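Protein chains in written order, with our numbering: chain A, 268 to 602; chain B, 130 to 532.
Take a look at the structure set out below.
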Amino acid sequence: MRFHLTEEQAAIQDAVRGTLTDAWPMDRLHAFADGEADFDSESWSALMALGIGGLALPDEQGGAGLGLLEAALVCEMAGEAAAPGPVIGQILAAMAVSASADPHARLWLERIASGDAVATLAFGSNLVQSAGAAQLFLTEAADGGLELVEAGEGVTIEPVTSTDRSRPVSRVDFDGAKTYRLCSGDDPLADRIRDAALILVAADALGGAQHCTDLSVAYAKEREQFGQSIGRFQGLKHQLAHMALDVEPARALVWYAAYAWDAALPDAPRAAAMAKAHLCEVYTRATRAAIAVHGGIGYTWEYGLNYWFRRAILDRAWLGGPAVQRARAAELAGW
Amino acid sequence: MDLSYGAEAEVFRGKVRAFLAAEWQPAERRKAELRDFIRAFRNKAVEAGFLYRSVPKRYGGSEQPVDVIKAQVIREEFGRARAPMEVGGNGVNMTVPTLLEKGTEEQRELFIRKTIEGDFIWGQGYSEPGSGSDLASVRTKAELSADGSKWIVNGQKIWTSQGGKATHMFMLVRTEPDAAKHDGITYLLMDLDQPGVTRRPIRQMTGMEGDDTFYEFFFDDAEAPATWQVGERGQGWYVSRTTLKHERAAIGGADGLGRQFAKLVELAKEMGRIGDPLVRDRLAEIEGRVMAHRYSSFRLFSCQAAGDDAGPVQLMMKLLLTEIGHDMALLAQDLIGAEGLIEPSEAGTRSGATARRGPNKWLDQIMGSLGNSIAGGASNIQRNIIAERGLGLPRDLAMSAEK
Chain A
268 MRFHLTEEQA AIQDAVRGTL TDAWPMDRLH AFADGEADFD SESWSALMAL GIGGLALPDE
328 QGGAGLGLLE AALVCEMAGE AAAPGPVIGQ ILAAMAVSAS ADPHARLWLE RIASGDAVAT
388 LAFGSNLVQS AGAAQLFLTE AADGGLELVE AGEGVTIEPV TSTDRSRPVS RVDFDGAKTY
448 RLCSGDDPLA DRIRDAALIL VAADALGGAQ HCTDLSVAYA KEREQFGQSI GRFQGLKHQL
508 AHMALDVEPA RALVWYAAYA WDAALPDAPR AAAMAKAHLC EVYTRATRAA IAVHGGIGYT
568 WEYGLNYWFR RAILDRAWLG GPAVQRARAA ELAGW
Chain B
130 MDLSYGAEAE VFRGKVRAFL AAEWQPAERR KAELRDFIRA FRNKAVEAGF LYRSVPKRYG
190 GSEQPVDVIK AQVIREEFGR ARAPMEVGGN GVNMTVPTLL EKGTEEQREL FIRKTIEGDF
250 IWGQGYSEPG SGSDLASVRT KAELSADGSK WIVNGQKIWT SQGGKATHMF MLVRTEPDAA
310 KHDGITYLLM DLDQPGVTRR PIRQMTGMEG DDTFYEFFFD DAEAPATWQV GERGQGWYVS
370 RTTLKHERAA IGGADGLGRQ FAKLVELAKE MGRIGDPLVR DRLAEIEGRV MAHRYSSFRL
430 FSCQAAGDDA GPVQLMMKLL LTEIGHDMAL LAQDLIGAEG LIEPSEAGTR SGATARRGPN
490 KWLDQIMGSL GNSIAGGASN IQRNIIAERG LGLPRDLAMS AEK
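Below you can see the structure in the form of structure tokens.
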């Protein structure tokens, strides 16, 4: 029985957090948010140097042989730092291609694992992150199967002004692009990858919600009004306690969903839907509460809280919002 | 992560099952015999090392090394067999650990065996009409008799569960009126069968009163031997803060909530509402919290088994449970609709023509969930604890001002 992080798992999180602290400080995020680019190669290289692209690949494919749980721990850190780049897409593309039988698609595997080839997720919506930088798009076919689309001829990218400034999206259209069919819609792999996507978005939301809580607590300790630190006032304290009460227990739900996926437990699809729904609610509440706790400074662009607020909007809408996931979970429960 | 208990635990599970198969066949016992049968069964379970694991053998326990996994296996298997576990209640949960930590040899000899065998039932004498969340403000007074042989107690205690059956009370009494608030309290044990003690049941908002609810106690020159004081005179506040962490972590805490949620889903089906998208959405929304609570309890259990600190989440479990209970109450109230206009008959009684227990039995939970926000540390106190101990925020103005 083990249901908390091992030292190795905690070390993975520390490594990702440390890398992002150096490679993605607030001034870089500010510059990126005001710029035109939809990708930051410097922080991407730093993350990929940790082996994140191949983290969930088996040893014999040059991967780290870790599971979705470790992938979720990485995505949590990306969410905490509001890191740019399609980290979720990269991990999922590596997993999907590695499990696919298509020999031509598999030729990409090494470059996906190393991060040389940027792969982004194009499920559900045609608004796709880092589309300008991506060489590969993981997409769904009409039958629900998975496909890998190569950038180039047949891929049209129309820039938009993205609400989420840390993961800018573009409108992408595929028409006759070079496509590898990874699996058909009735292959269990397709649903497995979709479930994994839900869990990794939930993990991003967890990291973001935790960051909002941490910033709010730190601010409440240093900000003074009426000659006191505002963290001493019970009204604010209780608001902060409720943020923590929302976020901290939800961590174990993300762990369970990832564990159930790794162990291929029967309730894994349901746990994935519940985790996506619950964590996106938690993230939305945390961003709103954080800005309320901060007061005026939280409403400024400069302070930066808005980047997480905007990221929560993407996480929530991506792959189906909470109500959609709850309806699926109810269906899967046989209610 | 791994939710299995491991091979060693499964071997142990086999032992527990074999024991239960051999020793627990209550079916053919008549009611009169059952009491003795249960007592004898508990004694055998102690001999086998399954009950009272933290209590030394000389006081009637089985004195086993701390092992939260084994303790969990025992709970699961006894639960499955519907076999009686420890007698429970305040005596086993609070008096015994307190005496083991702070009691005198005489007190341990006198009370522990009788308590774990169920002969002594303990009421908690903490709250008073004027002392709720601010427990250290207790005013029930105790003074030593002239010869110093006994404490004379005057005052009132309230919210004592099992107060109708209680034979004894552990209580906080003010013995040093001139000392600072927290330093003037003594932890005292008392025999409740004496003329100076009057008890009265409190009728709850649920309408319930009697043995299963709370009592209030009045002390009018009630007496307790001076040797029944636990710990130093004036140090009672700190004695009451002593809690042993022996095998406390239990996955079981989350099971109750999960079972209640399953019943809520059944209620939605019974009321013909399970196909309603709004009801399905609310159910799934609540279940997200139920799952967060369940897997957090696994996390706490895992941390305790490994001897690791679980961090702030351990401070959150009670408030989380309370809040989920409120959410469930609100949905249950909508689901039962007009069924809730008829008061249900009391749990355990046969349904009569006028007061049946149909969907309206959820009124017990709808009202009872409010009790969770009050008992064992009110919700606003829980929020203070999370904020101060969990998040490191400064102490409340009013609380840091007093001494």
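The beta-carbon is built from N, C-alpha and C at its ideal position, and this holds for glycine as well.
Just so you know, these numbers come straight off a predicted model, no measurement behind them.
query                                                                                                                                                               : result
Mind pulling the chain A residues with CB within less than 8 Å of Ser133/B?                                                                                         : Met268
Please list the terminal residues of the continuous beta strand (DSSP E) segment that includes Lys445/A.                                                            : Lys445/A -> no beta strand (DSSP E), and no H or E assigned at all.
DSSP has Gly114/B in a bridge; who is on the other side?                                                                                                            : An answer regarding residue 114/B cannot be provided, because it is not within the stretch 130 to 532 covered by chain B.
Which residues bound the alpha helix (DSSP H) around Gln396/A?                                                                                                      : It is not in any alpha helix (DSSP H) - Gln396/A instead sits in the beta strand (DSSP E) that spans Leu394 to Gln396.
List, in chain order, every chain B residue whose beta-carbon is nearer than 9 Å to that of Val484/A.                                                               : Ala516, Leu520, Gly521 and Leu522
Just reading off the beta strand (DSSP E) that Gly284/B is part of, what are its end residues?                                                                      : Lys279 to Ser290
What's the C-alpha gap between Phe576/A and Thr446/A?                                                                                                               : 35 Å
Going by C-alpha distance, which of Lys144/B, Leu450/B, Arg428/B and Met528/B is nearest Gly387/B?                                                                  : Leu450/B
Glu491/A touches chain B at which residues, Cβ-Cβ below 9 Å?                                                                                                        : What Glu491/A touches in chain B: nothing, since even the nearest Cβ is about 11 Å away.
Let me confirm a value: Ala275/B is counted as buried when at least 16 other C-beta atoms fall within 10 Å, else exposed. Which label applies?                      : exposed
Just how far apart, CA to CA, sit Ala248/B and Pro213/B?                                                                                                            : The amino acid at residue 248/B is misidentified as Ala; the sequence shows Asp. Asp248/B and Pro213/B: Cα-Cα distance of roughly 16 Å.
Mind listing the chain D neighbours of Met344/A? Cutoff is C-beta to C-beta under 9 Å, in chain order.                                                              : Going by chain labels, chain D is absent from the structure shown, which instead holds the protein chains A and B.
Run down chain A in chain order and give the residues with a C-beta less than 9 Å from the C-beta of Pro441/B.                                                      : Ala511 and Glu515
Using a Cβ-Cβ cut-off of 6 Å (strictly less than) and excluding sequence neighbours within five positions of Thr273/A, which residues of its own chain qualify?     : none
If you run the structure through DSSP and keep just helix, strand and coil, what is Gln402/A?                                                                       : coil
Apart from the five residues on each side of it in sequence, which residues of its chain come closer than 7 Å, Cβ to Cβ, to Ser480/B?                               : Confidence at Ser480/B is low in this model, with a pLDDT of 47, below 50, so the placement of that residue should be treated as unreliable; the coordinate-derived value is given next. If we look at Ser480/B and ignore the five residues flanking it on each side, its Cβ neighbours are Ser474 and Arg486.
Should Met510/A be labelled buried (16 or more other beta-carbon atoms within 10 Å of its own) or exposed?                                                          : buried
Under the three-state reduction of DSSP, which class applies to Asp289/A: helix, strand or coil?                                                                    : helix
If you reduce the DSSP assignment to three classes, tell me which class Phe270/A lands in.                                                                          : coil
Can you name the start and end residues of the alpha helix (DSSP H) that Asp437/B belongs to?                                                                       : Taken as a continuous stretch (DSSP letters only), Asp437/B belongs to no alpha helix (DSSP H), as it is neither H nor E.
Using a Cβ-Cβ distance under 9 Å, would Ile545/B count as near chain A?                                                                                             : There is no way to answer for residue 545/B, as the model of chain B reaches only from 130 to 532.
With three or more C-beta pairs closer than 8 Å as the rule, is the region 261-278 of chain B touching the region 326-343 of chain B?                               : no
Since I believe Gly452/A is in contact with Ala408/A (beta carbons under 8 Å), could you give me their beta-carbon distance rounded to a whole number of angstroms? : 7 Å
Please classify Ile403/B: does DSSP put it in a helix, a strand, or coil?                                                                                           : coil
Run through DSSP, which three-state label would Asp320/B get?                                                                                                       : strand
Could you give the first and the last residue of the continuous beta strand (DSSP E) run that contains Ala389/A?                                                    : Ala386 to Ala389
For Phe343/B, which three-state DSSP category applies?                                                                                                              : strand
Within its chain, find whatever has a CB closer than 7 Å to the CB of Arg593/A; leave out the 5 residues flanking it on each side and keep chain order.             : Ala544
Would you mind sorting Ser367/A into buried or exposed? The rule is 16 or more other CB atoms within 10 Å of its CB.                                                : buried
Just how far apart, CA to CA, sit Pro292/A and Glu548/A?                                                                                                            : 27 Å
For Ala136/B and chain A, any beta-carbon pair shorter than 9 Å?                                                                                                    : no
Closest to Leu296/A by CA distance: which of Ile460/A, Ser433/A, Leu572/A and His478/A is it?                                                                       : Ser433/A
May I ask you to list, following chain order, the residues of the region 499-510 of chain A that have a beta carbon less than 8 Å from some beta carbon of chain B? : Arg499, Phe500, Gln501, Lys504, His505, Leu507, Ala508 and His509
When you compare only the Cα positions, how much space is there between Val354/A and Val484/A?                                                                      : 28 Å
Report yes or no: do the region 336-343 of chain A and the region 514-532 of chain A share at least 3 C-beta pairs separated by less than 8 Å?                      : yes
Using a Cβ-Cβ cutoff of less than 6 Å, which residues in the same chain neighbour Trp602/A once the five nearest sequence positions on both sides are dropped?      : none
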